[in-house]
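Q: As given, the protein sequences belong to chains A and B, one line each in that order.
Mapping the first sequence onto the numbering used here, position 82 (from 1) lands on 82, and the numbers just tick up by one.
Each number in the numbering used here comes from the position in the second sequence (counting from 1) with 1000 added on.
Don't be surprised by glycine CBs; every beta carbon is placed ideally from N, CA and C.
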Amino acid sequence: MRLAILGAGDVGRSVADLAGEYGHEVVALADSGSAAIDENGIDVEDALDRKFADGAVGTTDPDSVAETDYDVLVEATPTTLGDAEPGFTHAKRALEADRHVVLANKGPIAERYEELRELEAESAGSIRFEATVGGAIPVLSTIEDSTPEAVTAVRGVLNGTANFILTRMAAEGLDYEHVLAEAQDLGVAEADPTFDVDGTDAALKFVILANVLADGGFSLDDADVRGIRDIPGSALDLAAEDGRTIRLIGEATREGVRVGPRLVPENGALAVTGTRNIVQIETKHAGSLHNSGRGAGGPETATAVLSDVGRLPPL
Amino acid sequence: MGDDSAAEDEPDADAETDGGVRAYTVRLELVDEPGELLRALRPIADSGANLLSIHHERGNITPRGHIPVEVDMECPPDRFDGVVDALRDAGVNVIQAGAERYGEEISVVLVGRLVENDLSETLSRIEAEASAVVLDLSLAAPEGTDGVASARVRLAIDSGETTAALGAIRSIGSQKDLTVVEPLLGGDA
Chain A
1 MRLAILGAGD VGRSVADLAG EYGHEVVALA DSGSAAIDEN GIDVEDALDR KFADGAVGTT
61 DPDSVAETDY DVLVEATPTT LGDAEPGFTH AKRALEADRH VVLANKGPIA ERYEELRELE
121 AESAGSIRFE ATVGGAIPVL STIEDSTPEA VTAVRGVLNG TANFILTRMA AEGLDYEHVL
181 AEAQDLGVAE ADPTFDVDGT DAALKFVILA NVLADGGFSL DDADVRGIRD IPGSALDLAA
241 EDGRTIRLIG EATREGVRVG PRLVPENGAL AVTGTRNIVQ IETKHAGSLH NSGRGAGGPE
301 TATAVLSDVG RLPPL
Chain B
1001 MGDDSAAEDE PDADAETDGG VRAYTVRLEL VDEPGELLRA LRPIADSGAN LLSIHHERGN
1061 ITPRGHIPVE VDMECPPDRF DGVVDALRDA GVNVIQAGAE RYGEEISVVL VGRLVENDLS
1121 ETLSRIEAEA SAVVLDLSLA APEGTDGVAS ARVRLAIDSG ETTAALGAIR SIGSQKDLTV
1181 VEPLLGGDA
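(1) Considering only their Cβ atoms, is the gap separating V151/A from L316/A smaller than 8 Å?
(2) Could you pull out every residue in the same chain whose Cβ sits closer than 7 Å to the Cβ of A110/A, ignoring the five residues on either side in sequence?
(3) Within 8 Å (strictly less), CB to CB, does E1182/B reach chain A?
(4) From V309/A to Y176/A, what does the alpha carbon distance come to, in whole angstroms?
(5) According to the Cβ coordinates, are L312/A and A124/A closer than 8 Å?
(6) Which chain A residues are close to G1048/B, counting only those with a beta carbon under 8 Å from its beta carbon?
(7) Note down, in chain order, every chain B residue with its Cβ under 7 Å from the Cβ of E241/A.
(8) Output the residue ranges of the alpha helix (DSSP H) runs that lie fully inside the stretch 1103-1179 of chain B and measure 4 residues or longer, sorted by chain position.
(9) Kindly say whether E1074/B, judged by its beta-carbon, lies nearer than 8 Å to any beta-carbon of chain A.
(10) If you compare alpha carbons, which of N1060/B, E1121/B, I1067/B, E1105/B is closest to G1160/B?
(11) Taking the Cβ atom as the reference point for each residue, do P108/A and G9/A lie within a distance shorter than 8 Å?
(12) Name the two residues that bound the continuous alpha helix (DSSP H) containing P1043/B.
(13) Buried or exposed: where does H24/A fall if 16 or more other Cβ atoms within 10 Å of its Cβ makes it buried?
(14) Strictly by DSSP, which residues pair up with P193/A?
(15) Please classify E67/A: is it buried, with 16 or more other beta-carbons within 10 angstroms of its beta-carbon, or exposed?
(16) Using only alpha-carbon positions, find the residue among L1030/B, R1039/B, A1165/B, N1050/B that is nearest to G1059/B.
(17) Nearest chain A C-beta to Y1102/B closer than 8 Å, yes or no?
(18) Looking at chain B, which residues of the stretch 161-193 of chain A have a Cβ within less than 8 Å of any of its Cβ atoms?
(19) With three or more beta-carbon pairs closer than 8 Å as the criterion, would you say the stretch 1170-1177 of chain B touches the stretch 1142-1151 of chain B?
(20) Measuring straight from C-alpha to C-alpha, what distance separates R276/A and A1040/B?
(21) Quick check: the Cα distance between V264/A and R1088/B, rounded to an integer number of angstroms?
(22) On the DSSP letters alone, give me the boundaries of the beta strand (DSSP E) that Y1024/B sits inside.
(23) Interface residues of chain A around T1000/B at Cβ under 8 Å?
(24) Anything in the stretch 133-150 of chain A with a Cβ closer than 9 Å to a Cβ of chain B? List those residues in chain order, please.
(25) Could I get the ranges of all uninterrupted alpha helix (DSSP H) runs contained in the stretch 121-148 of chain A, with 4 residues as the minimum, in chain order?
(26) Name the two residues that bound the continuous alpha helix (DSSP H) containing D54/A.
(27) Can you tell me the Cα-Cα spacing of F52/A and G160/A, whole angstroms?
(28) With 16 other CB atoms within 10 Å as the buried threshold, where does T1163/B fall?
(29) Let me know the secondary structure DSSP gives T167/A once reduced to three states.
(30) By how many angstroms is the C-alpha of G293/A removed from the C-alpha of L186/A?
(31) Using a Cβ-Cβ cutoff of less than 7 Å, which residues in the same chain neighbour G298/A once the five nearest sequence positions on both sides are dropped?
(32) Starting from the beta carbon of D230/A, find every residue of chain B whose beta carbon is closer than 9 Å, and list them in chain order.
(33) Can you give me the start and stop residues for the beta strand (DSSP E) that R323/A sits inside?
(34) With burial defined as no fewer than 16 other Cβ atoms inside 10 Å of the residue's Cβ, what is the status of E1100/B: buried or exposed?
(35) Could you pull the start and end residues of the alpha helix (DSSP H) that N211/A belongs to?
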């Protein structure tokens, strides 16, 4: 497949870097200000070197990516909420041109799912978005293989930053502020950690899961979301007295989405530690399935994008 | 909760580790010697069960002259037989195993200005509005009584009433400006 990649952050760059290994060709790579385009395949290494040196991947106007001859648009621009722009328009333009779209950007799938599905129905192309939920972990393809109708609920830990903070608080008996500062030093937490610690990032992923289970109907506004800022170290100590710990757990069903700090057994599967993620997929006929692994990171998330590309039919 | 029939068919202690747990009570009798309690608890922990509480009746003596100990634990249903076997293999006398004491037992952790917001009134309301019995309470107030504190409340609830009870506790929490950390129910968790 010939890939046009929008977004040259960790994920976009890793997709470009690994595409060759997966048997695909990159014909365009764009960040917000510039693009490298070559219909015979761009020199990825060259573009990435330029990105590091000058902060720009190429010399072409990023808008001209739309006119390039590609098979799959990889949408890896930053997640935005509300109208989910410009990600939504990128996907729309590609579907209207009868191309496939693979999203790593959570915004359009969480906020404008039905619109995307309508565009897909009119298009020769398809949309896939494995990378939006749980990074490298095959969550959506597992649901797809079980068929969404046979999945009754998905629960789990899908934010590594919040999980790292709670794990450290429990292990070291430290308070939230202290561990947050440590996480920021380690690069696990962003300078502005709001998106992670208030549960928004996890909520977006569980909204996407609810949309897949119910074939639409949910956006972030429909989710009941609580974060971990109010959890003191003493709450984790008390939980431990009972053989439990506290994790930021999300739940998606056809009825709704809920994210918040919950008590889980210390020895239970959902009590993953550090930045590890896990989902429990509850099925009608096959009991519970658990998928665990790295839920973030450039190369990790890029593998999910490239698995999606591999599942697409030829155009 | 987990699937009981599977537990009876497959007593393999390592069969599942998916977080599905139930509460169990075992009654043991121990010889009155130093280190006996630790020796009796180790097989439980080593088998992957969580200890919830230990009732060590030092003043009582069984007819055989031993000390009765009641241990509450939780583990995946298909691990429980393995826990009991491990106890017996370790030479611990297990008098009674597996009777669940309550319909359902849950813990919640409350966080906030608990003392300032009248903790005993909160507990009475939980008992009344959530039809629950408070089994025990553990309070941690590292900032003093007028700061943010945490309380773990273990509750006995009639079978099948857990969802309703948690709904009631959640609503009491929001009225009293408390964060309620609920257990994760449903599925195997």
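A: Taking the structure as given:
(1) No statement about residue 316/A is possible, as the shown extent of chain A runs from 1 to 315 and does not include it.
(2) Closer than 7 Å at Cβ, skipping near neighbours: L204, V207, I208, S219, L220.
(3) Chain A contact via Cβ: present.
(4) Their backbone Cα atoms lie some 40 Å apart in a straight line.
(5) Their beta carbons are not under 8 Å apart, which means L312/A does not touch A124/A by this criterion.
(6) The contacting residues are N267.
(7) Chain B residues near E241/A: S1138, R1152.
(8) Runs of the alpha helix (DSSP H) inside the stretch 1103-1179 of chain B: 1119-1129, 1162-1175.
(9) Closer than 8 Å to some Cβ of chain A, the Cβ of E1074/B qualifies, so yes.
(10) Nearest of N1060/B, E1121/B, I1067/B, E1105/B to G1160/B, Cα basis: E1105/B.
(11) No, they are not a contact pair.
(12) From DSSP, the alpha helix (DSSP H) with P1043/B extends over 1036-1046.
(13) So H24/A counts as buried.
(14) P193/A is not bridged to any residue.
(15) E67/A is exposed by the Cβ-count criterion.
(16) Ranking the options by Cα distance to G1059/B, first place goes to L1030/B.
(17) Because Y1102/B sits at a pLDDT of 46, beneath the cut-off of 50, its placement in the model cannot be relied upon, and the point is left open.
(18) Those residues of the stretch 161-193 of chain A placed with their C-beta closer than 8 Å to a C-beta in chain B do not exist.
(19) No: fewer than three Cβ pairs fall under 8 Å.
(20) Their Cα atoms are separated by approximately 34 Å.
(21) For V264/A and R1088/B, the distance between alpha carbons rounds to 29 Å.
(22) 1022-1030 is the extent of the beta strand (DSSP E) around Y1024/B.
(23) Residue 1000/B lies beyond the stretch modelled for chain B, which goes from 1001 to 1189, so this question has no answer here.
(24) Look at the stretch 133-150 of chain A: it has no residue with a C-beta under 9 Å from a C-beta of chain B.
(25) As far as the stretch 121-148 of chain A is concerned, its whole alpha helix (DSSP H) runs of at least 4 residues are 140-146.
(26) Per DSSP, the unbroken alpha helix (DSSP H) holding D54/A starts and ends at 44-54.
(27) Answer to the nearest angstrom: the Cα atoms are 26 Å apart.
(28) By the 10 Å Cβ count, T1163/B comes out exposed.
(29) T167/A falls in the helix class under three-state DSSP.
(30) A straight line joining the alpha-carbon of L186/A with that of G293/A spans about 20 Å.
(31) The residues are D10, V11, R13, S14.
(32) For D230/A, the residues of chain B that pass the 9 Å Cβ criterion are V1111, G1112, V1148, T1179, in the order they occur in the chain.
(33) This structure cannot settle anything about residue 323/A, because the visible part of chain A is limited to 1 through 315.
(34) Any answer about E1100/B is weak, because its pLDDT of 49 lies below 50 and its placement is not dependable; what the coordinates show is given next. That one is exposed.
(35) Counting along the chain, the alpha helix (DSSP H) containing N211/A begins and ends at 200-214.
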